[in-house]
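Chains as they are written, first to last, in the numbering used here: chain F, 7 to 410; chain A, 7 to 410.
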């Protein structure tokens, strides 16, 4: 078996943790597997580098920031190789240049294009554990790039795809994907398996332990993912294309996103293009909007409501007020005391009663639904913050997620 | 003009110093020159990296140490590029991969083989200041190597040679090469110019501000070197092939090396090979010996004396005692209260009276000479420690170095 194992920054934050990771990798190696390890920068090291840079230049160029950032993973991988060596196992560290990890040219947010596997294969054939820097790549100018958020996960999945690995294990501080956040839903249960699409929706909803870029790539190349804990030996959650019927439930998880504020634009002209103009104004300022509903207002007007992340609320309101005349609406209104509650499940595609069941459950709990949005495999409702956790638990239980 | 400027770790140890260096480089750039900057790791950063490594593995592989070390210079160069950018000047940082700085394959002590200049030329043509990592290279395996002691100086000289630079300026914490260490000889005077050979001898004698590897390379490729202070605007010392007669003195400098202990092997058999066996035994343990004299002993024996660095004394004595029977000598004797005093000067080649003048001066000062060694352009004597500084000042004055 060829196994790619990815460990995040907290897993390599100090000497003890580095040795824990080393031992875990060595066990697979000594069982006869080929092992490729992908590492992030140690603990808060990236934050330290940002602080160093900002001290010199409050607005450093992305090219030079990437040049600076990439030293973080290079430190992790060389120290890991030394740790494995201290444990008597041959290991070698490789950075983005040495692997040849080709990316697009945009700094700070590059996308992987092609990974050369020759050097890694050679080192594996030589029976070494190969330790690769996550998060970083090189572009056509032969400059360092970084992959942006979730970058090391993406490196691991891409390496697994390029090497046709038998498994790609992503180690985190939780022991898998849960039916809901266990801190909010005491009966939440760890899932043994979940589909790529379900994982993608959970990731997008902020409930995911994986960044959606890495899940998208795993789906695209059919890389078998496992999300496991770096702290214990629990089996983790397998993420794959199709989850066998027996273990598949109607829905896989319930996610709650408290970072959502509702904005309502009241009395906008009911004319073609008014919604376009409204959202175009916001998009130009990079303000992402989520759930949108439109309702009929009075006298040839309509009301449009949508949600934004809390960080964008102030700017969005100011922007709308600035453009009030151009957009032609009566007034703007907002509510911060709301949360998005979602259920996700590939099973709902073939079960039309799922939405009704969710709404019934919320009605029984006396939870008011402010807005609704649906996709093929998820249903999201906007509820009042004070109801959110209670609603989440009710829905979780109504769909029998605690029992499995 | 194309100018290569090299700054050591103390010159880039903090934000203020980084900006000082940046401004200094920008001045040359704004005067219309092409500027290439070579940097070492910041302050004590390399020591911090060694500590991190030793914590993980007391005996780390050299390959992985080099992988770890190279992040130090990468940090310096990216921060410097950000500083220049903050000052409104276009700059770009490049590491050993990006330049393509080819070295021999031996880790921790590689030698530069070939430097590609294409990327640097392109960036210079684009009117950028190019900031290059010193000390590091890549070998035929595409792995990082480091150049060992004096590595960043060597990088700067090699780059200057490859780019046919008009000047290679080495910035240090002293403002040039002196006729003697000013802390010991109050009348010591800064030299405006010195030959490569003189500089080499001074470097070897521990009085140099440049590592002899970089001087050797400068000599080989005829790179015009300047040693200058990073702290002030003083002109510094030019190191070149031939120093014009007018400014050339009989001797250029007086050097004192206190790190020398004398060992005497008394009553060794006066037979062929006995000296060879003696020094071969020491060489096998990597103990370097310096000044050697041999004198006739009693009854078919001889005495051999030599100097070693103080760190090697204990091991050398133990080794000699261990091999006493094999080497066949009577006893071993040593003296730590000695120092090596040297005069260096290309002028002495054509002036046979120099040695006599030095000895006369020491005689007048009542300084006993224990041992003597000479080369074409230097004379070294071993004196008692208590006489050393007095002797040094006397010689310095006798040769008129204070006046120039």
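Built from N, CA and C at the ideal position, the CB exists for glycine as well.
Test item: CB-CB of residue i and residue j under 7 Å
{"i": "residue 260(F)", "j": "residue 108(F)", "result": "no"}
{"i": "residue 244(F)", "j": "residue 209(F)", "result": "no"}
{"i": "residue 220(F)", "j": "residue 181(F)", "result": "no"}
{"i": "residue 139(F)", "j": "residue 229(F)", "result": "no"}
{"i": "residue 190(A)", "j": "residue 364(A)", "result": "no"}
{"i": "residue 274(A)", "j": "residue 310(A)", "result": "yes"}
{"i": "residue 177(F)", "j": "residue 17(F)", "result": "yes"}
{"i": "residue 396(A)", "j": "residue 341(A)", "result": "no"}
{"i": "residue 272(A)", "j": "residue 343(A)", "result": "no"}
{"i": "residue 152(F)", "j": "residue 114(F)", "result": "yes"}
{"i": "residue 71(A)", "j": "residue 172(A)", "result": "no"}
{"i": "residue 51(F)", "j": "residue 78(F)", "result": "yes"}
Paired residues, beta bridge with residue i - DSSP
{"i": "residue 175(F)", "result": "11(F) and 232(F)"}
{"i": "residue 143(A)", "result": "151(A)"}
{"i": "residue 170(F)", "result": "Beta-bridge pairing links residue 170(F) to no other residue."}
{"i": "residue 41(F)", "result": "9(F)"}
{"i": "residue 135(F)", "result": "97(F)"}
N-terminal and C-terminal residue of the beta strand (DSSP E) that residue i is part of
{"i": "residue 259(F)", "result": "259-263"}
{"i": "residue 340(A)", "result": "337-341"}
{"i": "residue 345(A)", "result": "344-350"}
{"i": "residue 290(F)", "result": "Here residue 290(F) belongs to no beta strand (DSSP E); instead the alpha helix (DSSP H) covers 280-290."}
{"i": "residue 387(A)", "result": "384-390"}
{"i": "residue 199(F)", "result": "199-201"}
Among the options, nearest to residue i - alpha-carbon criterion
{"i": "residue 34(F)", "options": "125(F), 104(F) and 134(F)", "result": "134(F)"}
{"i": "residue 19(A)", "options": "191(A), 104(A), 236(A) and 41(A)", "result": "236(A)"}
{"i": "residue 126(F)", "options": "324(F), 231(F), 42(F) and 46(F)", "result": "42(F)"}
{"i": "residue 183(F)", "options": "196(F), 316(F), 174(F) and 356(F)", "result": "196(F)"}
{"i": "residue 60(F)", "options": "76(A), 22(A) and 88(A)", "result": "88(A)"}
{"i": "residue 102(A)", "options": "358(A), 37(A), 73(A) and 92(A)", "result": "73(A)"}
{"i": "residue 201(A)", "options": "218(A), 193(A), 194(A) and 129(A)", "result": "218(A)"}
{"i": "residue 302(A)", "options": "290(A), 327(A) and 270(A)", "result": "270(A)"}
{"i": "residue 242(F)", "options": "179(F), 290(F) and 263(F)", "result": "179(F)"}
{"i": "residue 308(F)", "options": "8(F), 153(F), 289(F) and 284(F)", "result": "284(F)"}
{"i": "residue 380(A)", "options": "8(A), 349(A), 64(A) and 85(A)", "result": "349(A)"}
{"i": "residue 57(F)", "options": "81(A), 64(A) and 37(A)", "result": "81(A)"}
{"i": "residue 288(F)", "options": "67(F), 53(F), 330(F) and 248(F)", "result": "330(F)"}
{"i": "residue 225(F)", "options": "192(F), 282(F), 206(F) and 155(F)", "result": "206(F)"}
{"i": "residue 357(A)", "options": "53(A), 405(A), 391(A) and 372(A)", "result": "405(A)"}
{"i": "residue 110(F)", "options": "98(F), 144(F), 385(F) and 100(F)", "result": "144(F)"}
Nonlocal neighbours in the same chain, by C-beta distance under 7 Å from residue i, ignoring five residues either side
{"i": "residue 164(F)", "result": "118, 121 and 223"}
{"i": "residue 252(A)", "result": "Any reading at residue 252(A) must be qualified, since the residue scores a pLDDT of 46, below 50, and its modelled position is unreliable; the value itself is stated next. So no residue of the chain qualifies."}
{"i": "residue 354(A)", "result": "256, 257, 360 and 383"}
{"i": "residue 25(F)", "result": "89"}
{"i": "residue 203(A)", "result": "352 and 383"}
{"i": "residue 130(A)", "result": "40 and 136"}
{"i": "residue 417(A)", "result": "The question about residue 417(A) has no answer, for chain A in this structure spans 7 to 410."}
{"i": "residue 69(A)", "result": "113 and 149"}
{"i": "residue 28(F)", "result": "86, 89, 90 and 93"}
{"i": "residue 327(A)", "result": "338"}
Residue range of the unbroken alpha helix (DSSP H) whose run includes residue i
{"i": "residue 276(F)", "result": "Where residue 276(F) is concerned, there is no enclosing alpha helix (DSSP H), given that its DSSP letter is neither H nor E."}
{"i": "residue 302(F)", "result": "Not the alpha helix (DSSP H): residue 302(F) falls in the beta strand (DSSP E), residues 295-302."}
{"i": "residue 99(F)", "result": "Note, residue 99(F): premise wrong, no alpha helix (DSSP H); beta strand (DSSP E) at 97-100."}
{"i": "residue 381(A)", "result": "Counting along the chain, residue 381(A) falls outside any alpha helix (DSSP H), though it belongs to the beta strand (DSSP E) covering 375-381."}
{"i": "residue 220(A)", "result": "218-227"}
8 Å Cβ shell around residue i - same chain, five flanking residues per side excluded
{"i": "residue 293(A)", "result": "314, 318, 321, 322 and 325"}
{"i": "residue 104(A)", "result": "125"}
{"i": "residue 375(A)", "result": "365, 368, 387, 388 and 389"}
{"i": "residue 31(F)", "result": "11, 41, 43, 90 and 135"}
{"i": "residue 334(F)", "result": "274, 275 and 280"}
Same chain, Cβ closer than 6 Å to residue i, five either side skipped, listed in chain order
{"i": "residue 96(A)", "result": "134"}
{"i": "residue 280(A)", "result": "274"}
{"i": "residue 378(A)", "result": "387"}
{"i": "residue 168(F)", "result": "121 and 123"}
{"i": "residue 175(F)", "result": "11, 232 and 234"}
{"i": "residue 316(A)", "result": "265 and 267"}
{"i": "residue 393(A)", "result": "373"}
{"i": "residue 400(A)", "result": "367 and 371"}
Any chain B beta carbon closer than 7 Å to residue i
{"i": "residue 103(A)", "result": "The structure shown contains no chain B; its protein chains are F and A."}
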